Amino acid sequence: MQLNKQNLTQIPPQPELELPVAGVFDLPERVLQFGTGVLLRGLPDYFINKANNNGIFNGRIVVVKSTTQGAADAFAEQDSLFTTCIRGIENDHKVETFVVNAAISRVLSASQQWQDVLACAASPHMQVVVSNTTEVGIVLVQEQVVGRVPESFPGKLLAFLYERFRALGGSADSGMVIVPTELLADNGSRLRSIVIELAVFNQLGNDFIQWLTEANHFCNTLVDRIVPGKLPAAEQTQLEQRLGYTDELMITAEPFALWAIESGSARVKELLSFATADNRVVIAPDIEKFRELKLRLLNGAHTFTCALAHLNGFISVKEAMHDEAMAGFVRRLVILEIAESIDSTLASYNEACAFANSVLDRFRNPFLEHRWLSIALNYTAKMRMRNIPLLLRYYQQHNKVPVCMALGFAAYIRLMCVQEQPDGNFTGKWNGRSYTIQDEHADFFAEKWALISGRDLVHAVLSHAELWGTDLATLPGFEAQVTEDLLQLQEGDPAALLTIEYLNKSLV
460 MQLNKQNLTQ
470 IPPQPELELP
480 VAGVFDLPER
490 VLQFGTGVLL
500 RGLPDYFINK
510 ANNNGIFNGR
520 IVVVKSTTQG
530 AADAFAEQDS
540 LFTTCIRGIE
550 NDHKVETFVV
560 NAAISRVLSA
570 SQQWQDVLAC
580 AASPHMQVVV
590 SNTTEVGIVL
600 VQEQVVGRVP
610 ESFPGKLLAF
620 LYERFRALGG
630 SADSGMVIVP
640 TELLADNGSR
650 LRSIVIELAV
660 FNQLGNDFIQ
670 WLTEANHFCN
680 TLVDRIVPGK
690 LPAAEQTQLE
700 QRLGYTDELM
710 ITAEPFALWA
720 IESGSARVKE
730 LLSFATADNR
740 VVIAPDIEKF
750 RELKLRLLNG
760 AHTFTCALAH
770 LNGFISVKEA
780 MHDEAMAGFV
790 RRLVILEIAE
800 SIDSTLASYN
810 EACAFANSVL
820 DRFRNPFLEH
830 RWLSIALNYT
840 AKMRMRNIPL
850 LLRYYQQHNK
860 VPVCMALGFA
870 AYIRLMCVQE
880 QPDGNFTGKW
890 NGRSYTIQDE
900 HADFFAEKWA
910 LISGRDLVHA
920 VLSHAELWGT
930 DLATLPGFEA
940 QVTEDLLQLQ
950 EGDPAALLTI
960 EYLNKSLV
């Protein structure tokens, strides 16, 4: 039995399965969404569906599909219904729930149904735009947007807003709230500036540009949820048998979710009322706190742990977290060192610890296959952006060596023991197994490892101010600790460095 509106009543009730409530299919279309990707379906669409089921927001989504590939037919066949499988660890407990999402009303093809997209602009119910067109989607393409289907996402958005301006007379209350979820800093501000520049290029008139800038709200956002998307075929078949229906659009997502939207406007809060249905949707005048917590505690912990986990023989994050010693290192790193180093003007230590505990849950998720060597992509750039500010702030506050950070840095140096191959790739070897490193500074490490070792090597890396933005060799005790850790790693028993006895000592 296929998942669709007609078959909903035939799905057997199950305590872990949430089905749409009565009346949701009759709700008006309030959201225009650019993109059908799994992040949109697993985060914004998830929250809107939850709000609708609770009698809040009460609006459905029209999706604009820009690509020529994908599952448009599946959306039509399933009346745009799809299942989100929430699986993972939350508050130390295993979670496995299933939600049939009815938030999407229809999916329109930008290339084939553009007039239908523009027709949505005339609806007074339509008040919100959501997008995820990837980071390369928010770019300026100087193109005509009237009388044709624009190529770029900003062009499509501008054409839609111009049509709305003409259809509704440019009234102040006809403005939209635009909420891009692309993984870019200041994504709303960037999109706004591009749309304005494109409006000027198209000579759409001062009245329209005034309405565009004054009546519409472009919000910066931060989204955080791992949504791997489609399940492996065997898992999907197993779940379909368990749930009692087939679903070509089924996706999986972790329990953790955060959607931070930057705005101090009462009107934005009013139009985004779905935020009141779940405290994981945050509307605040400044969302830098959430960016800092994610960058340092989630991404930073990944970066400090990555090489050490690989050297200990762990392929994936979940595998490492099943090892008591490795999990103990990660907990100590995030609670005692990273959380202590979060900018206190942005987030308190208690807030940092709460986020750190959610990170530990996420790392333990048995349903996610996150490989350490994938995390090592562009390792040096990640180390500088995510972790060097933490290291410096820790020294400002404590003026002593952060033992876990030092060990993570030593393991990073060891992982970067690489040689250039004839094909231009840089490869290293550990315990007889080769690995490839993709890093713009791999040539620097290959050169240093070929010439020097031990303390000289560590000093050459730490003192490379152009690499780190500062001379890390001047930090009291850091060079000595990293050197000792590297020499211990070189002896071939990295697990010995994870003992409580080793981590409790520090060369102050």
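Residue numbers (the working numbering): 460 to 967.
Every residue, glycine too, gets a C-beta built ideally from N, C-alpha and C.
Model, not experiment: these values are computed from the prediction.
- Residues of the same chain with a CB within less than 7 Å of the CB of A760, apart from the 5 flanking positions on each side, are V789, L792, V793, I797, V818 in chain order.
- Secondary-structure assignment with DSSP links C544 through a beta bridge to F557, T711.
- With a threshold of 16 other beta carbon atoms within 10 Å, E938 meets it and is buried.
- Listed in chain order, the beta strand (DSSP E) runs fully inside the segment 764-801 amount to none, counting runs of at least 3 residues.
- Under the 8 Å Cβ criterion, the segment 726-741 counts as touching the segment 632-640, having at least three qualifying pairs.
- In the DSSP annotation of this structure, the continuous segment of the alpha helix (DSSP H) that includes P848 starts and ends at 847-857.
- 8 Å or more divides the Cβ of E694 from the Cβ of S775.
- Collapsing the DSSP output to three states places P613 in a helix.
- In the displayed model, A626 falls within a helix according to three-state DSSP.
- Contact between the segment 678-688 and the segment 698-716 is present, with at least three C-beta pairs closer than 8 Å.
- Under a 10 Å Cβ-count criterion, A481 is classified as exposed, with fewer than 16 other Cβ atoms of the shown protein chains found around its own Cβ.
- Remark: C-beta atoms of T542 and L462 approach each other more closely than 8 Å.
- Here the segment 610-622 does not lie against the segment 702-709, with fewer than 3 beta-carbon pairs under 8 Å apart.
- If you look at V523, you'll find it in the beta strand (DSSP E) that goes 519-524.
- In this structure, F493 lies away from V740, with their beta-carbon atoms at least 8 Å apart.
- With at least 16 other beta carbons inside 10 angstroms of its own, A658 counts as buried.
- Take the alpha-carbon of V587 and the one of N758: they are about 30 Å apart.
- In chain order, L486, N511 place their CB closer than 7 Å to the CB of N517, counting only its own chain and leaving out the 5 sequence neighbours on each side.
- Proximity to G936 across N963, L945, A905, A865 peaks at A865, based on C-alpha coordinates.
- The C-beta distance from T711 to P744 rounds to 34 Å, too long to meet the 8 Å contact threshold.
- Where G887 is concerned, the enclosing beta strand (DSSP E) starts and stops at 885-889.
- Here T592 carries a coil assignment [DSSP, helix/strand/coil].
- In this structure, DSSP gives Q469 a helical state, which the three-state scheme calls helix.
- Between W831 and F868 a beta carbon distance of about 16 Å is seen, past the 8 Å cut, so the two are scored as non-contacting.
- In this structure, R623 is the residue among A561, R623, I597, N679 with its C-alpha nearest to the C-alpha of A580.
- Contact annotation: N646 and I597 have beta-carbon atoms nearer than 8 Å.
- If you check the CB distance, T640 and L499 come in under 8 Å.
- Residue pairing by DSSP places H676 opposite V636 in a beta bridge.
- The beta carbon of N665 lies closer than 7 Å to none in the same chain, with the five residues before and after it left out.
- Annotation for A924: D930 place their beta carbon closer than 6 Å to its own, counting only its chain and skipping 5 residues before and after.
- Given a length threshold of 4 residues, each whole run of the alpha helix (DSSP H) inside the segment 924-965 is given here in chain order: 924-927, 937-949, 959-962.
- Shortest Cα-Cα distance from V522 to any of S568, V604, N466, N884 involves S568.
- Per DSSP, reduced to three states, the secondary structure at G688 is strand.
- Taking a contact to require three or more Cβ pairs closer than 8 Å, the segment 805-820 and the segment 852-865 do not qualify as touching.
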